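Engineer:
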Amino acid sequence: MEWIMNLRDTQMIDKLLSIAEKSDWWSEISQAERNSIEKGLQDLSENKVFNHSEVKRLYEKYL
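In case it helps, this note's numbering puts the sequence shown at residues 3 to 65.
#1: So what's Ser47 in DSSP terms, helix, strand or just coil?
#2: With DSSP collapsed to three states, give me the class of Lys24.
#3: Just verifying my parser: in three-state terms, what is the DSSP assignment at Ile6?
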């Protein structure tokens, strides 16, 4: 942190500022997308998931 406070390179300062000003992708997605991601994370934490082999076995008749 101290090196940032002592920084004199204006190009580096501008670069750091532009990175800091970029918005987070989370705020750019819709509420429905956020809800879907949160639901997926909840399912994962509750071990309500299927591995690739299970999904493949369940859906192979449709492929």
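The C-beta atom is built at its ideal place from N, Cα and C for all residues, glycine as well. A quick note: this is a predicted structure, and the numbers were derived from the prediction, not measured.
Structural biologist: Walking through what the data contain:
#1: Against the sequence shown, residue 47 aligns to sequence position 45. Helix.
#2: As a first step, residue 24 is located in the sequence shown; it is residue number 22 there, counting from the start. Three-state DSSP puts Lys24 in coil, outside helix and strand.
#3: Your numbering for residue 6 matches position 4 in the sequence shown. Three-state result, Ile6: helix.
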